[in-house]
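Structure first, then comments.
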Amino acid sequence: MFYQKEKKASLTVEAALVLPVFLFMILTFLYFIQIFITYERVQSGITEVAKEASKYAYIYENMVEETKQNTESTNNTESTKNRSTNDNKIEDNNTKDKENTENDTKKDNITFIDNIYYKQRLKSYLDKRKCNFSTIENGMNGISFWYSSFLSEEEEVDVVAKYKVKFPVLIFRIKGFQMVQRVRVHAWTGYLREEDLNGSKEDGKEETVFITETGTVYHSSKNCTHLKLSIRRANYVELENLRNRGGGKYKECERCGVKGKESLDTVVYITDTGDRYHLDPVCSGLKRTILEIPLSEVGTRTPCRRCYKK
Numbered sequence: 023m024f025y026q027k028e029k030k031a032s033l034t035v036e037a038a039l040v041l042p043v044f045l046f047m048i049l050t051f052l053y054f055i056q057i058f059i060t061y062e063r064v065q066s067g068i069t070e071v072a073k074e075a076s077k078y079a080y081i082y083e084n085m086v087e088e089t090k091q092n093t094e095s096t097n098n099t100e101s102t103k104n105r106s107t108n109d110n111k112i113e114d115n116n117t118k119d120k121e122n123t124e125n126d127t128k129k130d131n132i133t134f135i136d137n138i139y140y141k142q143r144l145k146s147y148l149d150k151r152k153c154n155f156s157t158i159e160n161g162m163n164g165i166s167f168w169y170s171s172f173l174s175e176e177e178e179v180d181v182v183a184k185y186k187v188k189f190p191v192l193i194f195r196i197k198g199f200q201m202v203q204r205v206r207v208h209a210w211t212g213y214l215r216e217e218d219l220n221g222s223k224e225d226g227k228e229e230t231v232f233i234t235e236t237g238t239v240y241h242s243s244k245n246c247t248h249l250k251l252s253i254r255r256a257n258y259v260e261l262e263n264l265r266n267r268g269g270g271k272y273k274e275c276e277r278c279g280v281k282g283k284e285s286l287d288t289v290v291y292i293t294d295t296g297d298r299y300h301l302d303p304v305c306s307g308l309k310r311t312i313l314e315i316p317l318s319e320v321g322t323r324t325p326c327r328r329c330y331k332k
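Using the numbering used here, read the sequence shown as starting at 23 and increasing by one per residue.
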């Protein structure tokens with residue numbers, strides 16, 4: 023009778039179970055490294071884009087001012103020619119046409135800068151560095167600049183890149199997550215000397231200026247476009263990733279908010295300087311408080327470049 027020698031068992035079964043898990047963890051770790059690399063390159067890219075856009079702010083200001091002056095000149099000419107026929111009607115029409123032209127021009131220019139210029143400049147920057155877009159859903163086309171702005175209120179360039187990071191496989195029941203990256207810089211619009219502001223007293227009366235409660239500039243006109251509140255729409259589900267100009271989150275408005283009424287598709291209204299979201303677009307909380315003060319009380323505030331432009 024022959025006896026078989028005793029042999030130790032191999033690790034084949036254990037390896038078959040553990041090795042796939044080990045490789046999965048390694049690949050997941052490497053994928054997260056790629057996500058961080060993409061994040062860093064996008065952040066560097068929008069920083070360069072914001073700095074570049076801020077350099078052209080002065081040209082944009084001049085373009086808007088020239089358009090405004092040309093529109094006023096055209097309206098005044100038409101009003102003079104036709105005043106003898108129907109003064110009141112023509113004046114009303116000219117006023118409406120002027121406002122519509124100014125609003126359309128500004129809207130078209132800002133839309134062009136926000137949605138086309140930012141994306142094209144970022145794409146050019148990332149292409150030179152051979153950025154890997156595999157971690158971004160829909161690649162470069164998946165990066166949205168919808169929440170960006172150009173010279174909106176405080177003469178600032180605000181570049182906001184929003185995209186969705188995707189996972190190649192389902193990880194802990196998570197298909198992906200939203201990423202928001204932001205850069206805000208002050209526009210290069212020049213500096214006005216105090217002696218150029220015509221702020222001296224005339225007939226014993228001191229000049230009156232307008233400010234907001236949290237603003238850093240003062241305005242000579244209450245109708246300055248920078249004093250108009252920038253209201254934008256967003257979906258309720260996006261609020262978790264949105265931040266205001268100070269980096270704070272948006273909370274429910276005490277006036278128009280109703281707890282439990284919101285759904286994922288609910289449209290809310292927010293502002294860059296506020297900290298509340300609103301369900302009602304005409305909510306009183308969406309109105310900006312404008313204060314009228316003497317020029318001597320402006321403190322460290324600087325003059326608005328648009329108001330005091332020569």
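Glycine residues also receive a C-beta, built at the ideal position from the N, C-alpha and C atoms. Given the structure is predicted, the values throughout are model-derived calculations rather than measurements.
For residue i, which three-state DSSP category applies?
i, result
"Gly321", "coil"
"Lys73", "helix"
"Gln203", "strand"
"Phe58", "helix"
"Tyr240", "strand"
"Pro303", "coil"
"Ala38", "helix"
"Ala79", "helix"
"Asn257", "strand"
"Gly296", "coil"
"Thr234", "strand"
Taking C-alpha atoms, which residue in the options lies nearest to residue i?
i, options, result
"Glu70", "Ser146, Arg327 and Val43", "Ser146"
"Gly161", "Val289, Val40, Val64 and Tyr330", "Val64"
"Ser170", "Glu159, Tyr272, Val182 and Glu178", "Val182"
"Ala75", "Val35, Phe58, Phe51 and Tyr140", "Tyr140"
Out of curiosity, what's the CA-to-CA distance linking residue i and residue j?
i, j, result
"Leu249", "Leu192", "47 Å"
"Lys184", "Thr311", "31 Å"
"Leu317", "Glu228", "7 Å"
"Phe54", "Ser66", "18 Å"
"Leu219", "Tyr82", "Residue confidence is low: Leu219 scores 49 on pLDDT, short of 50, so the model does not pin down where it sits. Its coordinate-derived value is still stated next. If I take the Cα positions, the gap works out to 21 Å."
"Ile138", "Asn163", "12 Å"
"Gly321", "Val231", "12 Å"
"Trp168", "Ile48", "36 Å"
Suppose the cutoff is 6 Å on Cβ atoms and the five residues either side in sequence are ignored; what does the same chain contact list for residue i look like?
i, result
"Glu177", "Ala209, Thr211 and Arg327"
"Lys188", "Glu159 and Gly198"
"Val202", "Lys184 and Asn263"
Excluding five sequence neighbours on each side, which residues of the same chain lie with their C-beta closer than 7 Å to the C-beta of residue i?
i, result
"Ser306", "Arg277"
"Arg255", "Val289 and Tyr291"
For this session: Mind listing, in chain order, the continuous beta strand (DSSP E) runs of no fewer than 3 residues lying wholly within the stretch 141-185?
Result: none
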